[in-house]
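Just so we're aligned, residue 1270 is where the sequence shown starts under the working numbering, counting upward by one. Glycine residues also receive a C-beta, built at the ideal position from the N, C-alpha and C atoms. Just so we're clear, the structure is a prediction, and the values are computed from it rather than from any experiment. Reviewing the structure listed below.
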Amino acid sequence: MHKPAPTSSCENPASGFTEEMTASLPALRRFAQSLCRQRDMVDDLVQETMVRAWSSRHTFQPGSKFRPWVFTILRNQFYSTARKRSRLTPWDPEAAERILIQQPNQEEGLHLEDIEVALGQLPNTQREMLMLIAGAGMSYEEAALATDCKIGTVKSRINRGRAAIRAIIDGADALPEA
């Protein structure tokens, strides 16, 4: 019996699905760096995400946004791996340096090191949202889809994260120099 050629872009390896995966790699890598905070784990996480996305391509709904879908896979893979390892990974300031770029006209001359230290002190939920929005360039809607949160939760975590960073940096500025 003759089987017709696949028509869905998700079933055809040479289709837009492959292009979407390829185009998403740099942003996925940055997000993985913000989550893992260990260089040796980043490539493994991104690779496993790509394998899982490819094997689950039939579940991708054509017409929906690809980036939140694949970021959700990466995020879920990260937390699954973290649960298996039963340990927290340390903050990697080198990853933050690559992701966060200080704007030349930022108020009060904040330094990247201050932001790195402050990010390392945030709860995971706030740091994750800041990295999705600022680091990966996602919209609030995309971040909500990627983290399975409501938009109000995304906005709240962003607002609290920014306020906490300001408080941490202002507190560090208020300390006398040694």
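- In this structure, K1419 and A1413 form a Cβ contact; the two beta carbons are roughly 6 angstroms apart against a cut-off of 8 angstroms.
- The beta carbons of R1306 and A1415 sit about 18 angstroms from each other, so the pair does not count as a contact at 8 angstroms.
- Assigned with DSSP and collapsed to three states, K1424 falls in helix.
- For G1421, the number of other beta carbons within 10 angstroms of its own is below 16, and it is reported as exposed.
- L1294 and Q1346 do not touch by the CB rule: their CB atoms are close to 15 angstroms apart, not below 8 angstroms.
- A check of alpha carbon separations from D1417 across I1434, V1339, G1406, P1392 identifies V1339 as the nearest.
- Between the alpha carbons of S1333 and F1286 lies a gap of roughly 12 angstroms.
- With a cutoff of 7 angstroms on beta-carbon distance, L1399 and G1430 are scored as near each other.
- The beta carbons of A1387 and I1427 sit no closer together than 7 angstroms.
- The beta carbon of A1322 is closer than 7 angstroms to those of M1290, V1339, I1342 in its chain, skipping five residues each way along the sequence.
- Here the alpha carbon of Q1302 sits roughly 11 angstroms from the alpha carbon of L1401.
- In this structure, DSSP gives D1417 a state outside helix and strand, which the three-state scheme calls coil.
- Secondary structure of M1407 (DSSP, three-state): coil.
- Counting along the chain, S1293 sits inside the alpha helix (DSSP H) bounded by residues 1285-1305.
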